[in-house]
Amino acid sequence: MSSIEGFQNKIVDLSGKPILDGEFNEDGSLIQGTLQPATVAKMIASMVARGTSSNSIRAMDVAMKLYNLEEDTFEIDDGDLTIITQIVEQDQRITNVVKASVLRVLTKETSD
């Protein structure tokens, strides 16, 4: 079991501005009033929801917990951490900025 911090970190672009995320209707249009800075937890939850893994049930259980997470620290089973990290690493739809922000938290790496 690992206790990892940083899940409420805001994901920022190269200039330091937050990357925004929102909720969308079924037709893809933005739901008014839902645009807010993307956090690591919400981004991982979205990546897991659209990704694939060898254990979809475990992955989605973690994704739902992260999506609803209000704290910065999250307790995660090492096996679940491996599954989630693999999904993030395989995601082809996200930019390097987002992937690096997420992987820094998951692998506990810091930038110098």
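Here the sequence shown stands for residues 195 to 306, where the numbers follow my numbering. In this text, a Cβ means the ideal position worked out from N, Cα and C, and glycines have one as well. These numbers were taken from a predicted model, which means no experiment stands behind them.
Note to self: Please state the DSSP three-state secondary structure of residue 276.
What the structure shows: The sequence position of residue 276 within the sequence shown is 82, counting from 1. Reduced to three states, the DSSP call for residue 276 is helix.
Notebook entry, point to check: Which term fits residue 195, buried or exposed, when burial requires 16 or more other beta carbons within 10 angstroms of its beta carbon?
Noted result: On the sequence shown, residue 195 is found 1 positions in, with the first residue counted as 1. Classification of residue 195: exposed, given that the 10 Å Cβ count is below 16.
Next item on the list: Could you check if residue 245 is buried or exposed, using at least 16 other CB atoms within 10 Å of its CB as the buried criterion?
Entry: Taking the sequence shown and counting its residues from 1, the one referred to as residue 245 is at position 51. So residue 245 counts as buried.
Check: Do the region 284–301 and the region 259–267 touch if we need at least three Cβ pairs shorter than 8 Å?
Finding: no
Next item on the list: Look up residue 271 in the DSSP assignment and say whether it is helix, strand or coil.
Entry: Along the sequence shown, read from residue 1 onward, the residue named residue 271 stands at position 77. Here residue 271 sits in coil by DSSP.
Notebook entry, point to check: Expressed to the nearest angstrom, what Euclidean distance is found between the alpha-carbon atoms of residue 306 and residue 289?
Noted result: Within the sequence shown, the letter at position 112 stands for residue 306. Within the sequence shown, the letter at position 95 stands for residue 289. In this prediction, residue 306 has a pLDDT of 46, which is less than 50 and means its spatial position is unreliable; what the coordinates show is noted afterwards. Spanning the two alpha carbons is a distance of roughly 21 Å.
Check: Considering only C-alpha positions, which residue in the set 233, 279, 253, 240 is nearest to residue 207?
Finding: Against the sequence shown, residue 207 aligns to sequence position 13. Checked all of 233, 279, 253, 240; the closest Cα to residue 207 is 233.
Check: Is the shortest distance between the beta-carbon of residue 255 and the beta-carbons of chain C less than 8 Å?
Finding: You won't find chain C in this structure, because it holds only one protein chain.
Notebook entry, point to check: Across which residues does DSSP place residue 230 in a beta bridge pair?
Noted result: On the sequence shown, residue 230 is found 36 positions in, with the first residue counted as 1. Answer is 215.
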